C-alpha cells in the first residue's frame, strides 16, 4: 500500500476520486438502511455486527457487518480530503489508496461466496443484489487505483535533491545556512516524528497479534476446517457483505504491514492509510471485548479456559493498538513550506530576487562566467 515517492494528484484526479468515494459510501449506506428496516429493533443490527445471533423481522439474511459503517465513514473522509486543497495532495492520494485497497481485499471473496450453492436457501434476488453491489464496489475501487496511477503530478520539492538548495538557487550569488549533508526536510503532510513512531509501532503490534491468533486457529482447527473460514462456508456465514472470518482477519493483518512501514518512514500517504487500518483493527478488537462484556465473559475472566483468556487478551491488544494508531495518525502533519530545524537555506542574488540577508556581502555587479 504505497504511492510513488515524490508524486501527488492533480485537481481533476482528486475530484474524480472524491466522486468515486461518494458512490462507495452511498452503496454501503443503502445496505445499512436496508438492515435497519428489516430488524425487529434497531439495536439488533448493532448486536449482529458484534457477533450475536439476532434474527431479522422477515425470513431473510443480514447484509452488513461491522466493517460496513467503517468503510462508509472512511470513504466519506477520503472524499472530503480529496476535494480540499490540502497541505499536500499526496495525503489525499493516501486516503483514496487506503479505501481502494481495503475495498478490493474485503469485497473480493464475495464474488465466490455469494455464488456458492449453500446460499440457495436465501432469497435469490437479495443474494444477486448483494453480489452486484460487491462487483460495483470492486469496479469503483479499481477506478480509484487507475486514477491514482494516471493522475500523478510532480510533488512539492523544497530542496534540490543533489545539493540541498532551493529550486533556482544555483544561479544565486550567496547561500547562507546551507543544509548539512544528508539532511532531508519534512514532507508536507507527512506525520511528525513522535506520532509516526507511535502509530507505526502500534500498527505493527496489532498486525502481529492478529496474525499470531490466526496461526493459533490454523494449528488448533487444522487446515481443512480453517480453510472453510478462509474462503467461506455455510458454517461460518454471518452476513451477505461480510467476508469469511479468517479472510477478514488476515486482510487486516496484511493492511497493517505497509501502513506501519510507511508511517515509520513518515510518508505523507501513510497518515490516512494508518487511520483507515487503525480504525478497522480497533473495531475488530473492540467488537470482541464488547461482545464478551455483554455475554458476561469479562466478569468471569479468571475462570475462563486459557484459550478464551488468550482470545480476549488478543482482542484488548488489537483494540488499544488500533486506537493508538488512529489517534496518532490523526494528528496534524508537517505544514507546507516548512523544513526541519537547522535545514533552512537562504540564497540571494538575481535568481532569488536580490533579497540579501543582513550582514551578507553584496553580490558583484557582474557574476563570473558560467555562474
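Numbering (the numbering used here), first residue to last: 4 to 374. Quick reminder that beta carbons are idealized off the backbone N, C-alpha and C, glycines included. Since the structure is predicted, the reported quantities are computational estimates derived from the model, not experimental observations.
- By the neighbour-count criterion, in which 16 or more other beta carbons inside 10 Å mark a residue as buried, residue 37 falls on the buried side.
- Pairing residue 287 with residue 253 gives a Cβ-Cβ distance that is not under 9 Å.
- Ranked by Cα distance from residue 53, the options 269, 41, 71 are led by 71.
- Going by beta carbons, residue 313 and residue 304 fall outside the 9 Å limit.
- In this structure, residue 144 keeps its C-beta atom at 9 Å or more from the C-beta atom of residue 275.
- For residue 70, DSSP assigns no beta-bridge partner whatsoever.
- Sequence-distant Cβ neighbours of residue 262 in its own chain, meaning closer than 7 Å and more than five residues away, are 4, 206, 273, 276, 277, 280.
- Contact between the region 99-106 and the region 61-78 is established, with three or more Cβ pairs separated by less than 8 Å.
- As for any alpha helix (DSSP H) of minimum length 4 sitting wholly inside the region 112-141, the runs are 113-116, ordered along the chain.
- Here the alpha carbon of residue 265 sits roughly 26 Å from the alpha carbon of residue 15.
- Between the region 293-312 and the region 238-247 there are fewer than three C-beta pairs closer than 8 Å, too few to call the two in contact.
- For residue 94, the closest C-alpha among the options 61, 141, 74, 151 is that of 151.
- Judged by pairs of C-beta atoms under 8 Å, the region 317-336 touches the region 195-203, as three or more such pairs exist.
- Following the DSSP letters along the chain, one finds residue 244 in no alpha helix (DSSP H), marked with neither H nor E.
- Counting C-beta pairs closer than 8 Å gives fewer than three between the region 41-60 and the region 104-120, which falls short of the contact rule.
- Residues 134 of the same chain have their beta carbon placed closer than 8 Å to that of residue 118, with the five preceding and five following residues left out of the count.
- Beta-bridge partners assigned by DSSP to residue 155: 12.
- Between residue 20 and residue 147, the gap from beta carbon to beta carbon is short of 9 Å.
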